[in-house]
Amino acid sequence: EVWMDGGIRSGQDVLKAWALGARGTLIGRAMAYGLGAMGEAGVTRALQIIHKELDVTMAFCGHTDIRNVDRSILLPGSYPLA
Numbered sequence: 070e071v072w073m074d075g076g077i078r079s080g081q082d083v084l085k086a087w088a089l090g091a092r093g094t095l096i097g098r099a100m101a102y103g104l105g106a107m108g109e110a111g112v113t114r115a116l117q118i119i120h121k122e123l124d125v126t127m128a129f130c131g132h133t134d135i136r137n138v139d140r141s142i143l144l145p146g147s148y149p150l151a
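With the first letter of the sequence shown counted as 1, position 11 gets the number 80 in our numbering; the numbers rise by one all the way through.
Structure, rendered in structure tokens:
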């Protein structure tokens, strides 16, 4: 099982990581910014924003369940082949 850490700044990044095979993401930077700006409420708000971005991006891709997301949502050539 792969989890991705580093470079996750939005719901779009979470979805791309999932599509590439990650089964989780770590989003420390967003939480740190939220904490610095508004304390605990800022962390909560930052996570709410990322969750909303993820929901909207999934809807744009025609998905309502992240378990159904795979590499096919990505544009060919928009990610490195490994």
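Every residue gets a Cβ at the ideal spot worked out from N, C-alpha and C, and that includes glycine.
{"Check": "Proximity below 8 Å, CB of GLY80 to CB of GLU122", "Outcome": "yes"}
{"Check": "Between the CA atoms of VAL125 and ARG140 - distance to the nearest angstrom", "Outcome": "18 Å"}
{"Check": "Rounded straight-line distance, which links the Cα of ILE118 to that of LEU89", "Outcome": "22 Å"}
{"Check": "CA-to-CA distance, MET100 to GLY108, given in whole angstroms", "Outcome": "10 Å"}
{"Check": "Backbone CA spacing between ARG114 and HIS120 [nearest angstrom]", "Outcome": "10 Å"}
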